[in-house]
Structures are given as C-alpha cells and as structure tokens.
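Read left to right, the sequence shown gives residues 1217 to 1316 (our numbering). Glycine included, C-beta positions come from ideal geometry on N, C-alpha and C. Reading through the structure tokens given below for one structure.
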Amino acid sequence: LPALLRNHCVSKAPISKPSVQAAGALVAAAPSEGASAVLLATVGSPHHQTRRGVASLLGAACASALELPPPQAAAFASAIRALVCDTDATVRATAASAPS
1217 LPALLRNHCV SKAPISKPSV QAAGALVAAA PSEGASAVLL ATVGSPHHQT
1267 RRGVASLLGA ACASALELPP PQAAAFASAI RALVCDTDAT VRATAASAPS
C-alpha cells in the first residue's frame, strides 16, 4: 500500500492510474488496522496527488465500513478535517466529499 500511494504522484498515467485503482481495491477488499495506519501516516505527504488519493481512500473506507471502532473513526475524522483544510483545491474538494 505505501508504494501504491507513492505512485499517485507519478506523472506517467500508465503508472499512476493502475496504482490508484489497486490502492482503492486493496483498501476495499482488505480493510485492516495496518491499512488504516498507512493511510493516516500518508495524510501529511508533500505531494498533493497522494494527499488527494488518501482523502478518497479514507472516504471510501468510511463509506464501506458498517461501523468503525471509536478510535479509528476519530482518527479518520481528524485526518479528513486536516485534508479539508489542505493548501491544494483538489485535495480539499475530495476530502469535503468524503462521508463523515
């Protein structure tokens, strides 16, 4: 998952697009504390493409989970709040559309 997230900012579409799709499929198919930890650790990435991808994945994880444990729900909410205040407009828009 960390490598897939790093590839979000690669300017070559044959690398970045499959990485975005694979990261989404991985998080949807195997939600885990480890995947959550990677997403939360990547919120502060210096690359806006990666932060936008993380915002999307956090939103998808929130939408697909029937009920997140309270600590994880709080961490996700905090991360989404941080991304809503991001310096990049596309990151803010993606985070704002995440379910809360």
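- In the structure shown, residue 1228 falls within a coil segment according to DSSP collapsed to helix, strand and coil.
- Counting along the chain, residue 1306 sits inside the alpha helix (DSSP H) bounded by residues 1305-1312.
- For residue 1250, the enclosing alpha helix (DSSP H) covers residues 1249-1258.
- DSSP places residue 1261 in no alpha helix (DSSP H); its state is neither H nor E.
- Rounded to the nearest whole angstrom, the CA to CA distance from residue 1265 to residue 1228 is 13 Å.
- Linking residue 1288 to residue 1298 through their CA atoms gives a straight-line distance of about 15 Å.
- At the C-beta level, residue 1235 and residue 1275 stay beyond 8 Å of one another.
- Of the candidates 1251, 1246, 1267, 1291, 1267 places its Cα closest to the Cα of residue 1308.
- Assignment of residue 1289 by DSSP, reduced to helix, strand and coil, places it in the helix class.
- By the 16-neighbour rule on beta-carbons within 10 angstroms, residue 1295 is buried.
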